[in-house]
Amino acid sequence: MTGSHRTAGPFRTERQDVAHDHDSAHQPSSPPRSTREARAAVRAERQAARAARSPYSAIHTGPGRTLTAVYGLLAFAAIGRATYQLLLKFDEAPFAYSLSAISAAVYILATVCLVIGTRVSHHLAVAACVFEAVGVLVVGTLSFTHPEYFAHDSVWSTFGLGYGFVPLVLPFIGLWWLVRVHRRVAASATAA
Amino acid sequence: MIPELTYALIGYSVLLAVVSLILALRNRAAGRWTLVGTALLLVLLLVQTVVSIVLWGQSPDTDGILFFGYLLTALLLVPLAGAWAYAELTRWGPAVLAAAGATVAVMLERMDQIWM
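Residue numbers (our numbering), protein chains in the order written: chain P, 33 to 224; chain L, 18 to 133.
The structure is reproduced here in structure tokens:
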């Protein structure tokens, strides 16, 4: 897999980004960050080798890595919340807290699958994103129509208000990303 | 928690998020000062940790596991985001810092509510 397919789409490639990579305006006469750039170059080499094995992985491009980071952040938040609720307060609201645990597991699955990037993990990630999208829409709606079941918060109640609506937006961004990656891989497969 | 310190921390993490977002929009990688700024947020969070432990006795109703769970998560999150931005030589490094800064601001607000 060469880097040429990365030029497709609305984002700049990494190489173009690096070309613009000057330090912020605070420091006009900064010395070259040689260590940092050398490390990044070594990583880029390893990444090129990995890209052949994991064509669907999100970690090959900057925006994909950022998406992975945000997914990881949400997974982290969901795990923390679910662990606390299950261990200390499960009896108060078994339904809402089981939901928290399930959503945490699905966010972890999506994060891991975004990184692995094989064909199978790609399909798993799509399934996880669809599950999250359906979950946040159904639970969000139910938390307004049947508030008695949702006296205790879960990640998805009131459409993820407690998390700045990130749970509502993220699965759709994830799906858009996965479709984009799928098209890119398909295009490079026909071109090869 | 000392209210002034908490508000200063929330303000600083929002500032870091906004500056990082501007850097990402202007297609700049995280420079040295952005990374130093992230380290300063970590230092402020450590100060907050010490202050919370010292003042712990004054707030008997606070849920300790919840409060320190949030604080430890923030303490883990900031260096992780900083390392991510250091490794990332593109605009997407500051984008991660912006997400982390906004998250830490929200977490501090939650910690303030838990402390009350």
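From the three backbone atoms N, C-alpha and C, an ideal C-beta is built for every residue, glycine too.
Original post:
With a Cβ-Cβ cutoff of 8 angstroms, do Tyr195 (chain P) and Ala142 (chain P) count as a contact?
Top reply: Indexing the first sequence from 1 puts residue 195 (chain P) at position 163. Indexing the first sequence from 1 puts residue 142 (chain P) at position 110. Not a contact, by the Cβ cut-off of 8 angstroms.
Original post:
Count the other CB atoms within 10 Å of the CB of Asp55 (chain P); is the residue buried (16 or more) or exposed (fewer)?
Top reply: Reading the first sequence from its first residue, position 23 is the one you call residue 55 (chain P). Unreliable placement is indicated for Asp55 (chain P), whose pLDDT of 43 sits below 50; no coordinate value is reported for it.
**OP:** Evaluate Met18 (chain L) with the Cβ neighbour count: other Cβ atoms within 10 Å of its Cβ, from every protein chain shown; 16 or more gives buried, anything less gives exposed.
**Re:** Residue numbering aside, residue 18 (chain L) sits at position 1 when the second sequence is read from its first letter. Buried: at least 16 other Cβ atoms inside 10 Å.
Original post:
Between the segment 89-105 of chain P and chain L, which residues of the former have CB atoms less than 7 angstroms from a CB of the latter, in chain order?
Top reply: Gly94, Pro95, Arg97, Thr98, Ala101, Val102 and Leu105
Subject >> Within 8 angstroms of chain B by C-beta, residues of the segment 92-105 of chain L in sequence order >> reply: Within the model displayed, chain B is absent; protein chains P and L are what it includes.
**OP:** Output yes or no for whether 8 angstroms exceeds the beta carbon distance between Val113 (chain L) and Thr98 (chain P).
**Re:** Residue numbering aside, residue 113 (chain L) sits at position 96 when the second sequence is read from its first letter. Residue numbering aside, residue 98 (chain P) sits at position 66 when the first sequence is read from its first letter. Going by C-beta atoms, Val113 (chain L) is nearer than 8 angstroms to Thr98 (chain P).
**OP:** Flag Glu77 (chain P) as yes if its beta-carbon sits less than 8 angstroms from any beta-carbon of chain L, otherwise no.
**Re:** Taking the first sequence and counting its residues from 1, the one referred to as residue 77 (chain P) is at position 45. False, the Cβ-Cβ gap to chain L never drops below 8 angstroms.
Original post:
Helix, strand or coil for Leu207 (chain P) per DSSP?
Top reply: Here the question's residue 207 (chain P) lines up with position 175 in the first sequence. Note: Leu207 (chain P) maps to helix in three-state DSSP.
Subject >> Helix, strand or coil at Met133 (chain L) [DSSP, three-state] >> reply: As a working note, residue 133 (chain L) is residue 116 in the second sequence. Here Met133 (chain L) sits in coil by DSSP.
**OP:** Return the CA-CA distance between Arg45 (chain L) and Arg108 (chain L), expressed in angstroms with no decimal places.
**Re:** Within the second sequence, the letter at position 28 stands for residue 45 (chain L). Within the second sequence, the letter at position 91 stands for residue 108 (chain L). Computed Cα separation, rounded: 5 angstroms.
**OP:** Compute the Euclidean distance between the alpha carbons of Val35 (chain L) and Thr222 (chain P), then round it to the nearest angstrom.
**Re:** For the purposes of this step, residue 35 (chain L) is identified with residue 18 of the second sequence, where counting begins at 1. For the purposes of this step, residue 222 (chain P) is identified with residue 190 of the first sequence, where counting begins at 1. In a straight line, the C-alpha of Val35 (chain L) is about 42 angstroms away from that of Thr222 (chain P).
Subject >> Min CB distance Thr90 (chain L) to chain P below 8 angstroms >> reply: Indexing the second sequence from 1 puts residue 90 (chain L) at position 73. The beta carbon of Thr90 (chain L) falls within 8 angstroms of a beta carbon belonging to chain P, placing the residue at that interface.
Subject >> Residues within the segment 53-83 of chain L neighbouring chain P, beta-carbon criterion of under 8 angstroms >> reply: Ile82 and Leu83
Subject >> Contact list for Gly118 (chain L) against chain P, beta-carbon separation under 7 angstroms >> reply: Counted from its first residue, the second sequence places residue 118 (chain L) at position 101. The premise fails here: Gly118 (chain L) is roughly 12 angstroms from chain P at the closest Cβ pair, so nothing lies under 7 angstroms.
Subject >> Inter-stretch contact (C-beta, 8 angstroms, three-pair minimum) for the segment 96-105 of chain L and the segment 43-63 of chain L >> reply: yes
**OP:** Taking 8 angstroms as the cut-off, decide whether the C-beta atoms of Thr90 (chain L) and Met124 (chain L) are in contact.
**Re:** Reading the second sequence from its first residue, position 73 is the one you call residue 90 (chain L). Reading the second sequence from its first residue, position 107 is the one you call residue 124 (chain L). Taking 8 angstroms as the Cβ cut-off, Thr90 (chain L) and Met124 (chain L) qualify as a contacting pair.
Original post:
Given a threshold of 16 other Cβ atoms within 10 Å of its Cβ, counted over all protein chains shown, does Tyr24 (chain L) qualify as buried or as exposed?
Top reply: Here residue 24 (chain L) refers to the residue found at position 7 of the second sequence. By the 10 Å Cβ count, Tyr24 (chain L) comes out exposed.
Original post:
With DSSP run on the structure shown, which of helix, strand or coil describes Met124 (chain L)?
Top reply: The residue given as residue 124 (chain L) occupies position 107 in the second sequence. It is helical.
Original post:
Under a Cβ-count criterion, where at least 16 other Cβ atoms within 10 Å of its own Cβ denotes burial, should Ser86 (chain P) be classed as buried or exposed?
Top reply: By 1-based counting over the first sequence, the position of residue 86 (chain P) is 54. Answer is buried; the Cβ neighbour count reaches 16.
Original post:
Among the residues of its own chain, which have a CB less than 6 angstroms from the CB of Trp209 (chain P), if the five just before and after it don't count?
Top reply: Locating residue 209 (chain P) in the first sequence gives position 177, where the first residue counts as 1. Closer than 6 angstroms at Cβ, skipping near neighbours: Leu99.
Original post:
Quick one: does Tyr181 (chain P) have its CB under 8 angstroms from some CB of chain L?
Top reply: The count along the first sequence starts at 1 and reaches residue 181 (chain P) at position 149. No, no contact with chain L.
**OP:** With a threshold of 16 other CB atoms inside 10 Å of the CB of Gln117 (chain P), please say whether the residue is buried or exposed.
**Re:** Mapped onto the first sequence, residue 117 (chain P) falls at position 85. By the neighbour-count rule (16 or more Cβ atoms within 10 Å), Gln117 (chain P) is buried.
Subject >> Interfacial residues, the segment 161-179 of chain P to chain L, with Cβ spacing under 7 angstroms >> reply: none
Original post:
Gly192 (chain P): which of P:Thr150, P:Asp123, P:Ala160 and P:Gly167 sits nearest, CA to CA?
Top reply: Position 160 of the first sequence, counted from the first residue, corresponds to residue 192 (chain P). Gly192 (chain P) has its Cα closest to that of P:Gly167, out of P:Thr150, P:Asp123, P:Ala160 and P:Gly167.
**OP:** For Gly28 (chain L), go through chain P and note every residue whose CB falls closer than 8 angstroms to its CB, in chain order.
**Re:** Counting from 1 along the second sequence, the entry for residue 28 (chain L) is found at position 11. Neighbours of Gly28 (chain L) on chain P: none; closest Cβ ~18 angstroms, over 8 angstroms.
**OP:** Please determine, among L:Gly81, L:Thr55 and L:Leu22, the residue with the shortest C-alpha to C-alpha distance to Ser37 (chain L).
**Re:** What you label residue 37 (chain L) is simply residue 20 of the second sequence in a count that begins at 1. Ser37 (chain L) has its Cα closest to that of L:Thr55, out of L:Gly81, L:Thr55 and L:Leu22.
**OP:** Return the CA-CA distance between Val162 (chain P) and Leu207 (chain P), expressed in angstroms with no decimal places.
**Re:** Within the first sequence, numbered from 1, the residue matching residue 162 (chain P) stands at position 130. Within the first sequence, numbered from 1, the residue matching residue 207 (chain P) stands at position 175. Distance between the alpha carbons of Val162 (chain P) and Leu207 (chain P): 8 angstroms.
**OP:** Say whether chain L places a C-beta atom closer than 8 angstroms to the C-beta of Gly206 (chain P).
**Re:** To locate residue 206 (chain P), count along the first sequence from 1; it is residue 174. By this cut-off, Gly206 (chain P) is not an interface position.
**OP:** Report all residues from its chain with a CB closer than 8 angstroms to the CB of Asp49 (chain P); omit the five preceding and five following residues, and keep chain order.
**Re:** In the first sequence, the residue the question calls residue 49 (chain P) occupies position 17. Summary for Asp49 (chain P): the model assigns pLDDT 44, below 50, so the residue's position carries little reliability, and this model does not support an answer.
Original post:
How many Å lie between Ser220 (chain P) and Ser175 (chain P) at the Cα?
Top reply: On the first sequence, residue 220 (chain P) is found 188 positions in, with the first residue counted as 1. On the first sequence, residue 175 (chain P) is found 143 positions in, with the first residue counted as 1. Going from the Cα of Ser220 (chain P) to the Cα of Ser175 (chain P) covers about 44 angstroms.
Subject >> Cβ-Cβ distance between Tyr139 (chain P) and Ala110 (chain P) below 8 angstroms >> reply: Locating residue 139 (chain P) in the first sequence gives position 107, where the first residue counts as 1. Locating residue 110 (chain P) in the first sequence gives position 78, where the first residue counts as 1. Yes.
Subject >> Minimum Cβ-Cβ distance from Ala107 (chain P) to chain L less than 8 angstroms >> reply: Working through the first sequence from its first residue, we reach residue 107 (chain P) at position 75. So no, Ala107 (chain P) is outside the interface.
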